Amino acid sequence: MTRKVLLLAAALLALPAAAKERADHYEAMTYNIRLDVASDGDNAWPHRRSALTALVAYQAPDLVGMQEVLQHQKQAVEADLPAYQFVGVARDDGKAKGEYSMLGFRRDRFALVGSGTFWLSPTPDVPSKGWDAALPRIATWARLHDRTAKRDLLVVNTHFDHIGEVARQESARQIRRWIDGERKPGESAVLMGDFNSPATSKGYAAIVAPGQGALRDSRTVSRTPHYGPLGTFTGFDIARTDASPIDHIFVSDDVAVLSHATLTDQNGGKLPSDHYPVVADLCIGEAC
1 MTRKVLLLAA
11 ALLALPAAAK
21 ERADHYEAMT
31 YNIRLDVASD
41 GDNAWPHRRS
51 ALTALVAYQA
61 PDLVGMQEVL
71 QHQKQAVEAD
81 LPAYQFVGVA
91 RDDGKAKGEY
101 SMLGFRRDRF
111 ALVGSGTFWL
121 SPTPDVPSKG
131 WDAALPRIAT
141 WARLHDRTAK
151 RDLLVVNTHF
161 DHIGEVARQE
171 SARQIRRWID
181 GERKPGESAV
191 LMGDFNSPAT
201 SKGYAAIVAP
211 GQGALRDSRT
221 VSRTPHYGPL
231 GTFTGFDIAR
241 TDASPIDHIF
251 VSDDVAVLSH
261 ATLTDQNGGK
271 LPSDHYPVVA
281 DLCIGEAC
């Protein structure tokens, strides 16, 4: 009996150390899939749908944020990627009109705790344009419970305005404040999307500037060098090489980034979208 008690005591003492050694890995992907417009011709959605969803299925990210998704594209993506649950509403009416910035996560790993959408404007609870933005812009969020790791993640996906510089700066500040206020103690945060903001821009700087709620660019803090081109927008031109990305994945300071890449998959010179997807291998835990 004494020996059993000693063994049990030793096992209990070992539990905190084992917990500290935990490392949970998550692959995050942000992908502007380009809305479906007939004027794109051979690059229109019907010609690239299968290539795009096959790329996502093959990469199998745990978290995926998509931008410029119209209602019928949302339905197609959901049909092609049944392993994922997607959340979000369209930006024009808060229902199904206009583009979604929808957020997906693997059904076999996460349980949805809560989700929502807010507008990037001074009136975030109603469909609206903010500041000098040309179009309504939104952020879609989800609080996810990792069933295996027994931890929650706060994930946000967004698409900043392509015209309004003030709107991009204010949108960055708004999201940063929102994440800082929404995060629970010990909860990690991931922000991804098409920010229409290169790394030299004021919008980008507003996200990473030191201070309360600052986030880190997963590309710049990755433990291994970034893989692939820096530029993420191509306009379907496979030869285009921009000097800076506009699609980013940001993380809270408790998230380690093991690798970061821009994926340039193409088929016969045809690209699945006019943006490259960006992926980051994230790690949370003492052993990362």
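The numbers in UniProt numbering rise by one with no breaks, and the one at position 190 of the sequence shown is 190. For each residue, glycine too, the CB sits at the ideal point set by N, CA and C. On a predicted model such as this, the values are computed, not experimentally measured, just so you know.
Opposing strand residues paired with residue i [DSSP bridges]
i           : result
Q85         : F105
D281        : E27, S259
N267        : K270
residue 311 : Residue coverage of the chain in this structure runs from 1 to 288, which leaves residue 311 outside it and unanswerable.
R216        : V251
L112        : L144
R117        : The question names Arg, but residue 117 in the sequence shown is Thr. Per DSSP, T140.
H275        : F233
Y204        : Answer is none; Y204 lacks a bridge partner.
Buried versus exposed, by CB contacts within 10 Å (16 or more), residue i
i    : result
K74  : buried
T123 : exposed
R168 : buried
A14  : Bear in mind that a pLDDT of 45 at A14, under 50, signals an unreliable position, so the model cannot answer this.
A205 : exposed
D237 : exposed
P185 : exposed
D253 : exposed
G104 : buried
E170 : buried
L8   : With a pLDDT of 41 at L8, under the threshold of 50, the predicted position of this residue should be treated as unreliable, though the coordinate-derived value follows. Looking at its Cβ environment, which holds fewer than 16 other Cβ atoms inside 10 Å, L8 is exposed.
Q174 : buried
G211 : exposed
Y227 : exposed
A133 : buried
T41  : Just to set this straight, residue 41 is Gly in the shown sequence, not Thr. Classification of G41: exposed, given that the 10 Å Cβ count is below 16.
I207 : buried
S39  : exposed
P46  : exposed
D281 : buried
R243 : Going by the sequence as given, residue 243 is Ala instead of Arg. Burial call: exposed.
T241 : exposed
Whole-number beta carbon distance between residue j and residue i, since they are thought to touch under 8 Å
i    : j    : result
D92  : P136 : 6 Å
S218 : F250 : 7 Å
R147 : L154 : Between L154 and R147 the Cβ distance is about 17 Å, and since that is not below 8 Å, they are no contact.
D24  : I284 : 5 Å
L120 : A96  : Going by Cβ atoms, the distance from L120 to A96 rounds to 19 Å, so no, they are not a contact pair.
P198 : I246 : 6 Å
G65  : G193 : 6 Å
L278 : T30  : At residue 278 the sequence reads Val, which differs from the Leu that was named. 5 Å between Cβ atoms; contact.
R34  : H248 : With a Cβ gap of about 18 Å, R34 and H248 do not count as contacting.
P61  : E27  : 4 Å
R22  : E187 : That pair is no contact at about 16 Å.
Y100 : V69  : 4 Å
A189 : I179 : 5 Å
R176 : G213 : 5 Å
E165 : K129 : Incorrect: roughly 14 Å between the Cβ atoms, too far for contact.
Q71  : N32  : In fact, because the Cβ distance is near 17 Å, the residues do not count as touching under 8 Å.
Proximity test, Cβ basis, 8 Å: residue i and chain B
i   : result
S50 : This model lacks chain B altogether, as it is built from one protein chain only.
Can you check the stretch 128 to 168 for any beta strand (DSSP E) of at least 3 residues that lies completely inside it and give the ranges in chain order? The stretch 128 to 168 contains these whole beta strand (DSSP E) runs: 138 to 146, 151 to 159.
Measuring CB atoms only, is the stretch 224 to 236 touching the stretch 150 to 159, in the sense that at least three cross pairs come out at less than 8 Å? No: the two stretches stay apart, fewer than three of their Cβ pairs being nearer than 8 Å.
Report the residue ranges of all alpha helix (DSSP H) runs contained in full by the stretch 22 to 91; include only those spanning at least 4 residues, in chain order. If we require 4 residues or more, the alpha helix (DSSP H) runs fully inside the stretch 22 to 91 come out as 45 to 59, 71 to 80.
Stretch pair the stretch 104 to 113 + the stretch 72 to 87: three plus CB contacts closer than 8 Å: Enough Cβ pairs lie closer than 8 Å, so yes.
Is the stretch 49 to 57 touching the stretch 261 to 273 in the sense that three or more CB pairs, one from each, lie closer than 8 Å? In this structure the stretch 261 to 273 lies against the stretch 49 to 57, because at least three pairs of beta carbons, one per stretch, are closer than 8 Å.
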